[in-house]
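Asker:
Protein chains: 2
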Amino acid sequence: MQSIDVPLGPRSYVIHIGNAAPGQLGLAIGSFSPPPSKAIVIYDAEVKLIAEKTAKELGFEPAKVCMIDVPSGEESKSIRYLEYLWKNLLQFGVDRKGIIVAVGGGVIGDLAGFAAATWNRGIRFIQVPTTLLAMVDSSVGGKTGINLPEAKNVIGSFWQPSLVWADIANLATLPTREFRSGLAEVVKYGIILDADFFEYLENHADAILARDTSALTEVIRRSCLLKARVVAEDEWETTGRRAILNYGHTFGHAIESLTEYGTLLHGEAVSIGMSMAGHLAASLQRWPDHSLDQQNQLLERFGLPTRIMAGIQKHLTADRMIQAMMHDKKNTYGKLNLILPNRIGEVQTVSDATIDLVRKTISHHLAL
Amino acid sequence: MQSIDVPLGPRSYVIHIGNAAPGQLGLAIGSFSPPPSKAIVIYDAEVKLIAEKTAKELGFEPAKVCMIDVPSGEESKSIRYLEYLWKNLLQFGVDRKGIIVAVGGGVIGDLAGFAAATWNRGIRFIQVPTTLLAMVDSSVGGKTGINLPEAKNVIGSFWQPSLVWADIANLATLPTREFRSGLAEVVKYGIILDADFFEYLENHADAILARDTSALTEVIRRSCLLKARVVAEDEWETTGRRAILNYGHTFGHAIESLTEYGTLLHGEAVSIGMSMAGHLAASLQRWPDHSLDQQNQLLERFGLPTRIMAGIQKHLTADRMIQAMMHDKKNTYGKLNLILPNRIGEVQTVSDATIDLVRKTISHHLAL
């Protein structure tokens, strides 16, 4: 496996990427100091087999491992499930030297990570992402948390994992649509930070879509490397640097919040959002039309949407979209801040896009 | 007011101690960067007047301050009250630049601090302790959290305040018994770290008991200075250094857990615990009998118990005490670790006290 260091001082950790050999995970955990006393594996009920395989690979006596399944889906990021996990941690006698192992996608990572952040004032946890999206994005960076019924991610902590274990083999059973959704964030890294990587994606699109091991390893490795760099520069989201990771997300979150949950996957909404942000940047003559075309062609090659499909147009009027975008957490003083590209490989925060221009961009995506 | 720096790198903060002049708190908050957008004052219902006075002193427009009262008592450190606070934070629209102001004793500080630690992945909070115990102990050090019905403080985070505001005037209405309870932790600092401070306490006991402003300011200043030093050396409780703050607490927690809540105040249980730990140290010939006498005489002069009173003896048999002590969080591998004094001003962690000797110490305190 390949490894990437995320340099965060005393909170530094390693991301392992590739096809894991038997015994390798246990070996990595064996080097933890102090040695973990017990492990509690919190997993998405849909990946039970992967969770059981992972539990065996931890290298613990069976009596020191407890398995807890959580239903798939955003609804599990709730106070009720958090409470359920806390009660299980108590019942299983998990002390400060215990460890939580999160097996699943972003929902499980966020929920289990927050349980780790808040148990005994913080215990260690391992991310074992089983979706491409989680491997390239949510498992790296230390954001953990749950939702309130009225607002997503308002409850949470920054809490870094002790290890991220991105085993490509765990992607074998991932549904095609979910796999493609993960590629939206991958394309995003190319646009915001790395033109070479963008070119690599263009040149290896077929191998990536075929889930070729070496192509996937490279895609995940470079994505994690880019994300880790940004996170290291702005661990607590205080300098503004981390905001570039939100390219396409202000539009994307508005799309997600206005359509019923599950209509669009996160990556699909972000893909449309990148098309919108790119279009807005082109309208402002901040980047050329041909770069926008290049971005959208790659997204489409990966099977991702770049316009608002007929079925959801009635929810996504320009007025509703703008209203939803104004509610975004990033707009702390009620101003619309957007991340827009200057060129492939570079973006910046822009606050001078007029509401009128944003409206035109949205309307353009409705008319396509 | 006097001020003490707690040097924790980017999480450093200042403790202000003394009689605050009008406008001083607003001035201190005025220097925060970025300026807080809104304040939510979470207060113990018993100190409503102090909370209202504090709210006015924040220097915010009235529309930007929200007041939330919480009932007095350990029962408020619950998931239900945490959820109640989260919902209020949402309803009042507290964003990442918002600030929580905790007005009350340890319960309020722990609960409100944990709400701050977990809102929007962590917002700033100010401690305005209104008990001596909170001023010298719980408001400093960044421990926040709540209880599960079966276990105290198992849910929580390390989250440092942005400011601690120890206004001596807020102690004027504190009941005598609670005031004396706070002095147990003060005596503890002398025993574990500072023989000069212990001597100061002996020489100024009358002024302290009379709540003389300059004596109280000195007591709180030196206590905070000592605690801040230990916290700075071991912010996350990982090096073992912070454990010295638990002198008297392994016995004390067992006493608290075996008597009905409210029978003894925390400081009273700790006072008996220090007498027990001191007695054990003397039995092991680790420190002289006259030092134990000196410690206990000061505790008694402050109106604190140094034996197990008749009314609670039936709950505190040696067997029950030892069983409860074995459950203490500090004993991660099932071993009894105790903090025992070598001399006044110095303690160390000891793991060689036999169960038999611990039993004798407890029995001695039952027989007194």
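Order-wise, the sequence lines are chains A and B.
Letter 268 of the first sequence, counting from 1, is numbered 253 in the numbering used here, and no numbers are missing.
Letter 347 of the second sequence, counting from 1, is numbered 332 in the numbering used here, and no numbers are missing.
Beta carbons: idealized from backbone N, C-alpha and C, even for Gly.
Quantities reported herein were computed from a predicted structural model and do not represent experimental measurements.
When the cut-off is 8 Å and only beta carbons count, does V172(A) lie next to chain B?
Answerer: Cβ-Cβ to chain B under 8 Å: no for V172(A).
Asker: Using beta-carbon positions only, say whether G78(A) and A169(A) come within less than 8 Å of one another.
Answerer: no
Asker: Can you look up P326(A) in the DSSP assignment and give me helix, strand or coil?
Answerer: Three-state DSSP puts P326(A) in a strand.
Asker: Is there a Cβ of chain B sitting closer than 8 Å to that of F110(A), yes or no?
Answerer: no
Asker: Which class does N362(B) belong to by DSSP, given the choice of helix, strand or coil?
Answerer: Outside the modelled stretch of chain B, which goes from -14 to 353, sits residue 362(B), for which no answer is possible.
Asker: Throw me the rounded Cβ distance for the L301(A) and L243(A) pair, which I believe falls under 8 Å.
Answerer: 6 Å
Asker: Spell out a yes or no on whether the stretch -1 to 14 of chain B and the stretch 63 to 80 of chain B are touching, meaning 3 or more CB-CB pairs, one atom from each, closer than 8 Å.
Answerer: no
Asker: How would you call G167(B), buried or exposed, if buried means at least 16 neighbouring beta carbons within 10 angstroms?
Answerer: buried
Asker: Helix, strand or coil for H1(B) per DSSP?
Answerer: Note: H1(B) maps to strand in three-state DSSP.
Asker: Give a yes or no on whether the minimum CB-CB distance between A30(B) and chain A is below 8 Å.
Answerer: Not an interface residue.
Asker: Could you list the residues in the stretch 54 to 71 of chain A with a C-beta less than 8 Å from some C-beta on chain B, going in chain order?
Answerer: Here the close residues are I64, E68, W71.
Asker: So, at 7 Å on beta carbons, what are the nonlocal neighbours of R328(B) in its own chain, with the 5 sequence-adjacent residues on each side left out?
Answerer: W272, S276
Asker: Considering only the beta carbon of each residue, do R109(B) and S147(B) sit closer than 8 Å?
Answerer: yes
Asker: Can you give me the Cβ contacts of S348(B) inside the same chain, cut-off strictly under 8 Å, excluding the 5 residues immediately before and after it?
Answerer: A303
Asker: Flag this pair as touching only if the stretch 143 to 161 of chain B and the stretch 199 to 215 of chain B have three or more C-beta atom pairs under 8 Å; answer yes or no.
Answerer: Contact holds: three or more Cβ-Cβ distances are below 8 Å.
Asker: Kindly say whether S142(B), judged by its beta-carbon, lies nearer than 8 Å to any beta-carbon of chain A.
Answerer: At least one chain A Cβ lies under 8 Å of S142(B).
Asker: Between A40(B) and the rest of its own chain, which residues show a CB-CB distance below 8 Å, the 5 nearest in sequence each way excluded?
Answerer: Contacts found: A24, V26, V50, M52, V86.
Asker: With distances taken between CB atoms, is the gap from I324(B) to Y232(B) smaller than 8 Å?
Answerer: Taking C-beta atoms as the reference points, I324(B) and Y232(B) count as a pair closer than 8 Å.
Asker: Would a C-beta distance cut-off of 8 Å place Y387(B) and K212(B) closer than the cut-off?
Answerer: Any answer about residue 387(B) is impossible in this case: the structure gives chain B only from -14 up to 353.
Asker: Going by Cα to Cα distance, which pick from V(-1)(A), A30(A), R286(A) is closest to M120(A)?
Answerer: Here the closest residue by C-alpha is V(-1)(A).
Asker: Can you look up I293(B) in the DSSP assignment and give me helix, strand or coil?
Answerer: coil
Asker: Where does S16(B) land, buried or exposed, given buried means 16+ other C-beta within 10 angstroms?
Answerer: exposed
Asker: Quick check on P114(B): does DSSP put it in helix, strand or coil?
Answerer: strand
Asker: Would you mind sorting Q145(A) into buried or exposed? The rule is 16 or more other CB atoms within 10 Å of its CB.
Answerer: buried
Asker: Just the C-alpha distance for G141(B) and I64(A), rounded to the nearest angstrom, thanks.
Answerer: 15 Å
Asker: Would you mind working out which of V32(B), K128(B), G258(B), G107(B) sits nearest G130(A), comparing C-alpha positions?
Answerer: G107(B)
Asker: Compare the C-alpha of V113(A) against each of E42(A), P134(A), T103(A), K137(A) and name the closest.
Answerer: Out of E42(A), P134(A), T103(A), K137(A), E42(A) has the C-alpha closest to the C-alpha of V113(A).
Asker: Using only the alpha-carbon positions, how far apart do E358(B) and Q76(B) sit?
Answerer: An answer regarding residue 358(B) cannot be provided, because it is not within the stretch -14 to 353 covered by chain B.
Asker: In its own chain, which residues sit with a C-beta less than 6 Å from the C-beta of M259(A), not counting the 5 before and 5 after it?
Answerer: These residues qualify, in order along the chain: G233.
Asker: Which runs of the alpha helix (DSSP H) at least 4 residues long sit entirely within the stretch 118 to 201 of chain A? Give them in chain order.
Answerer: You should have 161 to 178, 180 to 188, 190 to 194.
Asker: Consider the C-beta atom of P20(B) and the heavy atoms of the ligand PLP; say whether any pair is separated by less than 7 Å.
Answerer: Absence of the ligand PLP is noted for the structure shown, with no ligands found whatsoever.
Asker: Anything in chain A within Cβ reach of R106(B), meaning under 7 Å, just list it in chain order.
Answerer: K128, G130, G141, S142, F143
Asker: Hey, is T224(B)'s beta-carbon within less than 8 Å of any beta-carbon in chain A?
Answerer: no
Asker: Between I176(B) and P(-8)(B), what straight-line distance do the alpha-carbon atoms span, to the nearest angstrom?
Answerer: 23 Å
Asker: So, is T115(B) buried or exposed, given that buried needs 16 or more other C-beta atoms within 10 angstroms?
Answerer: buried
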